[in-house]
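For any residue, its number in our numbering is found by taking its place in the sequence shown, counting from 1, and adding 251.
Idealized CB from N, CA, C, for every residue including glycine.
To keep things clear, I will list the structure first and then write my remarks on it.
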Amino acid sequence: MIELRSEPYTLVSRPDIQETEKRFRALLTAEWCSGIMFNVLVHRKFAQPIEYDGMLWNQESMLFIEYKDSVTAYRRMSAKRAQQVSDSSGNIARRFGFEGYSYILVVNGIPEETRKGDVVVIPLERLPDYEPNFQSTRPELDYVHKLIAQYEREENPADVTRDKVVRELRVLRDMIEQRK
252 MIELRSEPYT
262 LVSRPDIQET
272 EKRFRALLTA
282 EWCSGIMFNV
292 LVHRKFAQPI
302 EYDGMLWNQE
312 SMLFIEYKDS
322 VTAYRRMSAK
332 RAQQVSDSSG
342 NIARRFGFEG
352 YSYILVVNGI
362 PEETRKGDVV
372 VIPLERLPDY
382 EPNFQSTRPE
392 LDYVHKLIAQ
402 YEREENPADV
412 TRDKVVRELR
422 VLRDMIEQRK
């Protein structure tokens with residue numbers, strides 16, 4: 252059993268292999284990554300543990316995968332829960348020092364790619380060809396870069412007004428406060 256820590260998170264791998272997950276593991280493409288953990292429980296103080304069926308990473312990014320072995324199991328998961336797990340995935344990747352992350356649901360038995368809220372859901376058969384679309388673990392910094400580009404551009408320069416700058420600083424403040 253492997254245990255990795257970066258406060259406030261502890262990642263613990265379970266040694267058992269579920270029979271229903273063998274096909275999922277067989278179809279997983281790992282050429283792009285430098286590390287993989289399966290059946291990972293993520294513990295955070297006073298919070299319900301989150302379980303991932305696979306976590307893959309390279310130098311920059313981390314991919315979190317939850318596998319559902321049937322359409323029924325997939326339907327039982329609410330869009331709100333999927334979004335919460337996705338948000339937690341970004342926080343976990345950030346705490347472990349990764350710049351990007353992606354969280355996907357892989358479902359056995361669905362005919363085509365879809366979404367559950369903002370979370371990408373792919374058919375199990377598509378897993379070998381899937382290329383993750385990584386999101387930034389630092390959206391605040393992305394927002395600052397966007398503002399700098401907006402104010403530096405030569406064509407169609409942005410109007411700088413006190414109200415606009417205050418509004419943008421409030422957006423940035425709110426983004427930072429949400430991360431606490």
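*Taking Glu495 as the reference, which of Leu278, Ser312, Glu282, Arg265 has the closest Cα?*
As displayed, the chain neither begins before 252 nor continues past 431, which places residue 495 out of reach and without an answer.
*Is there contact here, the stretch 384–401 with the stretch 276–296, by at least three beta-carbon pairs under 8 Å?*
Below 8 Å, too few C-beta pairs join the stretch 384–401 and the stretch 276–296 to call them touching: fewer than three.
*Helix, strand or coil: how does DSSP classify Glu419 here?*
Reduced to three states, the DSSP call for Glu419 is helix.
*Which class does Lys296 belong to by DSSP, given the choice of helix, strand or coil?*
Reduced to three states, the DSSP call for Lys296 is coil.
*Residues near Leu398 in its chain [Cβ-Cβ closer than 7 Å; skip 5 each side]*: The residues are Glu419.
_Quick check on the burial criterion: 16 or more other C-beta atoms within 10 angstroms. Buried or exposed for Trp308?_
Within a 10 Å sphere around the beta-carbon of Trp308 sit 16 or more other beta-carbons, which makes this residue buried.
*Segments assigned beta strand (DSSP E), at least 3 residues, entirely inside the stretch 340–396*: You should have 351–358, 365–367, 370–374.
*Figure out for me which residue from Met313, Glu363, Asp304 has the closest Cα to the Cα of Lys319.*
Taking only the C-alpha atoms, the option nearest Lys319 is Asp304.
*Thinking just about the alpha-carbon of each residue, which of Tyr394, His396, Gly368, Glu363 is nearest to the one in Met328?*
When each option's Cα is compared against that of Met328, the closest is Gly368.
_Beta-carbon proximity list for Tyr381, same chain, < 6 Å, skipping 5 on both sides_ = So the list reads Ile373, once near-sequence residues are dropped.
*Sorted by chain position, which residues of the same chain lie with C-beta nearer than 6 Å to Met306's C-beta, five sequence neighbours on each side aside?*
Short of 6 Å from the beta carbon of Met306, and not among the five residues preceding or following it, lie these beta carbons of its own chain, in chain order: Met288, Val291, Phe315.
*Taking the alpha carbon of Tyr325 as the point to measure from, which residue in Val293, Val371, Ala344, Gly341 has its own alpha carbon closest?*
Comparing alpha carbon positions, the residue from Val293, Val371, Ala344, Gly341 closest to Tyr325 is Val371.
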